[in-house]
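Asks: For reference, the structure I am asking about is given below.
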Amino acid sequence: MVDALLVASLVVVSGALHLDGLVDTCDAVCTRASPAARLALMHDSRAHAPGAIVACLVLLAKFAALGALPGAVRAPTLLVAPLLGRWAIVVAYWAYPYARSTPGASLALKAQATAPRAAAVTLFALAVLALALGPAGLLVLAGATAAVHLLASGFRTRLPGLTGDTYGAIAELVETLTLALVPLVTRTG
Amino acid sequence: MSFFVALQFLTHLPTPRGLPVAGPALGRALGWFPVVGLLLGALLVAADWLLSWLLPRGLVDVLLLVLLALLTGGLHLDGFMDTCDGLFSLRSPAERLAIFRDSRVGSFGVVGAATLLLLQWAALGALPTAERAAMLLVTLALARWTMVYAIVAFPYGRPEGLGRVFKEQAGGKALLAATLVAGVAAGLLLGAAGLAALALAAVAAWLFAHYCLGRLPGLTGDTYGALDELVETLLLVALPPLVRLLPS
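This is the structure in structure tokens:
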């Protein structure tokens, strides 16, 4: 019950912004179309089958991961999972090309995502991870970094570049991965 | 060759190039549907075994659902959502068929998918460890068998479409072959409970097909997919009690 409320609160607190991005991204990358047509599809506010399925499965994965968190790492995991989700957004803005040229909040963020800022948030994330999880925190950051790179590279094979929606997708998936990864590395590490 | 035709239609697994997309090979492919189900089941069992070394049960079960959606390209889930949107809307049969063709998901489809996946996840978590592998294999094989039964035994709803191509080639022979494969596999894996599951799947398919025929001019590819998902869910839920009642 508590876990379901936590999953729900993550959705509500972010205004479902990132989840919406995940749905739109899945719909776009799963469609057989040109990269440009996929970009247009992402602007369609209605959901298609791939997005709906992935949204269900990601929410279910978060619920299952929360339910399986050992008591000792539960609080640190709850702290670092949302943190790494947002960290991933900054790093992805900085590291990968942006697809759209239409002015908007996302393009402005892209322009402001400079190397020093990416480095600053990474240092901050690293400090929190070290305090919360000790050396195992490094492994979690490595896993999250690998996930950001794999996801961004995967999206770029199907889209001309990243967009606001894909940053949301990356945030959701890195958050979910972190929930599963922390118990794994604290157990073996 | 007709095995690969079945594999191509039911999964995203690699198949040889240049397979027929029409003609009698499609009819013969129907006989292979339960075998494709067994293959998907075997892949899930292997993934289950590997992932269970690393991750807790609940997460492994979510990943199994993810894997199955990837292996099938989400084909049956997509059909299930379209079927929910079409059948639960208060429209004429022709309008329902048009809703099936709409690639967007309506609220009935979203509610349906969320409920279905939650049920499948909870049922996976409740499978007894000893029979878990056998139950996964039987579930996926029998669900694909019900599609063959529905294609052969009930009228098709559209003048054209992927399902129509199968329907035209579908005959009693294909259904007999598929039933033999499904029955032998279920019997060998779970004994009397496996055969009871086959009967249960047949009753469920008959009921669902009649429910659809009350609302549509005939069955379609989307309703075959919906049937597959519903039977998978039903069997995941029903197999543990069936095995307790009829131990092999």
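As you go down the protein sequences, you meet chains A and B in turn. Residue numbering for the first sequence follows this note's numbering, beginning at 1 and increasing consecutively. Residue numbering for the second sequence follows this note's numbering, beginning at 190 and increasing consecutively. For each residue, glycine too, the CB sits at the ideal point set by N, CA and C.
What ranges does the alpha helix (DSSP H) occupy inside the segment 303-373 of chain B, keeping only unbroken runs of at least 4 residues that lie completely in it?
Replies: 321-342 and 351-358
Asks: I'd like the list of long-range same chain contacts for D3/A, defined as Cβ closer than 7 Å, with 5 residues on each side in sequence excluded.
Replies: F63, L66 and G67
Asks: Which residues in the same chain have their Cβ closer than 6 Å to the Cβ of E233/B, if we skip the five residues on either side of it in sequence?
Replies: Residue identity check: residue 233/B is Leu in the sequence provided, not Glu. Cβ neighbours of L233/B beyond the five flanking positions: L253 and L325.
Asks: Using CA atoms only, rank isn't needed, just tell me which of W94/A, G164/A and L184/A is closest to Q112/A.
Replies: W94/A
Asks: Identify the continuous alpha helix (DSSP H) that holds R293/B and give its terminal residues.
Replies: Run containing R293/B: none; DSSP gives neither H nor E here.
Asks: Run the CB neighbour count on V210/B, radius 10 Å, all protein chains shown included, and call it buried at 16 or more, exposed below.
Replies: Looking at its Cβ environment, which holds fewer than 16 other Cβ atoms inside 10 Å, V210/B is exposed.
Asks: Check whether the Cβ atoms of V215/B and F343/B lie closer than 8 Å to each other.
Replies: Reading off the sequence, residue 215/B comes out as Leu, not Val. Result no, Cβ atoms of L215/B and F343/B do not sit closer than 8 Å.
Asks: Please confirm if the segment 175-189 of chain A is in contact with the segment 35-54 of chain A, defined as three or more CB-CB distances below 8 Å between the two stretches.
Replies: With fewer than three CB-CB distances shorter than 8 Å, the segment 175-189 of chain A does not count as touching the segment 35-54 of chain A.
Asks: Indicate whether V80/A and T145/A have their beta-carbon atoms separated by less than 8 Å.
Replies: Taking 8 Å as the Cβ cut-off, V80/A and T145/A do not qualify as a contacting pair.
Asks: Under 8 Å between the Cβ atoms of A388/B and A330/B?
Replies: Taking 8 Å as the Cβ cut-off, A388/B and A330/B do not qualify as a contacting pair.
Asks: Let me check understanding here. Comparing Cα to Cα, which of S9/A, A8/A, G51/A and R32/A lies closest to G21/A?
Replies: The shortest C-alpha separation from G21/A is found at G51/A.
Asks: How big is the Cα-Cα spacing for D24/A and V13/A?
Replies: D24/A and V13/A have their C-alpha atoms some 19 Å from each other.
Asks: Is the Cβ-Cβ distance between F193/B and V337/B less than 8 Å?
Replies: no
Asks: Note down, one range per segment and in chain order, each alpha helix (DSSP H) of at least 4 residues found wholly within the segment 45-86 of chain A.
Replies: With a minimum length of 4 residues, the continuous alpha helix (DSSP H) runs that stay inside the segment 45-86 of chain A are 49-67.
Asks: Taking Cβ-Cβ distances below 9 Å as the criterion, which residues of the segment 241-258 of chain B are in contact with chain A?
Replies: L243, L244, P245, R246, G247, L248, V249, D250, V251, L252, L254, V255 and A258
Asks: So if I threshold CB-CB distances at 7 Å, which residues from the segment 26-54 of chain A count as touching chain B?
Replies: R46, A47, H48, A49, P50, A52 and I53
Asks: Would you mind listing the alpha helix (DSSP H) stretches within the segment 222-308 of chain B that are 4+ residues and don't spill past its ends, in chain order?
Replies: Qualifying alpha helix (DSSP H) stretches, in chain order: 222-240, 246-261, 264-277 and 282-290.
Asks: With distances taken between CB atoms, is the gap from R333/B to G226/B smaller than 8 Å?
Replies: yes
Asks: Give the C-beta separation of A390/B and T335/B to the nearest angstrom, bearing in mind that I take them to be a contact with Cβ-Cβ under 8 Å.
Replies: Indeed they touch by this definition, with Cβ atoms about 5 Å apart.
Asks: Using a Cβ-Cβ cutoff of less than 8 Å, which residues in the same chain neighbour A375/B once the five nearest sequence positions on both sides are dropped?
Replies: V327, A330, L331, G383, L384, A386 and L387
Asks: Under a Cβ-count criterion, where at least 16 other Cβ atoms within 10 Å of its own Cβ denotes burial, should P76/A be classed as buried or exposed?
Replies: buried
Asks: I need the DSSP call for G189/A, collapsed to helix, strand or coil.
Replies: Here the model assigns G189/A a pLDDT of 45, short of 50, so the residue's position is not dependable, and the following value carries that caveat. G189/A falls in the coil class under three-state DSSP.
Asks: Buried or exposed: where does W238/B fall if 16 or more other Cβ atoms within 10 Å of its Cβ makes it buried?
Replies: Under the 10 Å beta carbon count, W238/B is surrounded by fewer than 16 other beta carbons and is classified as exposed.
Asks: Looking at chain B, which residues of the segment 67-92 of chain A have a Cβ within less than 8 Å of any of its Cβ atoms?
Replies: G67 and A68
Asks: Distance cutoff 8 Å, beta carbons only. Does S292/B sit that close to anything in chain A?
Replies: Cβ-Cβ to chain A under 8 Å: yes for S292/B.
Asks: Roughly how many angstroms separate the alpha carbons of S292/B and R285/B, rounded to a whole number?
Replies: 13 Å
Asks: Nearest chain B C-beta to A120/A closer than 8 Å, yes or no?
Replies: no
Asks: Counting C-beta neighbours from all protein chains within 10 Å, is the total for T200/B 16 or more, i.e. buried, or is it exposed?
Replies: buried
Asks: With burial defined as no fewer than 16 other Cβ atoms inside 10 Å of the residue's Cβ, what is the status of A191/A: buried or exposed?
Replies: Only positions 1 to 189 of chain A appear in this structure, which leaves residue 191/A out of reach.
Asks: Where do the ends of the alpha helix (DSSP H) carrying H149/A lie?
Replies: Run containing H149/A: A136 to R158, per the alpha helix (DSSP H) assignment.
Asks: Taking 7 Å as the line, does the beta carbon of L423/B fall inside it for any heavy atom of the ligand SAH?
Replies: Within the structure as shown, the ligand SAH is missing, as the structure has no ligands at all.
Asks: Please go through the same chain and pick out, in chain order, the residues whose beta-carbon is closer than 7 Å to the beta-carbon of G346/B, but skip the five residues on each side of it.
Replies: Closer than 7 Å at the Cβ level, and outside the excluded window around G346/B, lie L286, L405, P406, G407, L408 and T409.
Asks: Where does Y96/A fall in DSSP's three states?
Replies: coil
Asks: What does the Cβ neighbour count give for F155/A, buried or exposed, with the cut at 16 atoms within 10 Å?
Replies: buried
Asks: For R222/A and L377/B, I'd like the C-alpha separation in whole angstroms.
Replies: Residue 222/A falls outside the range modelled here, since chain A spans only 1 to 189, and no answer is possible.
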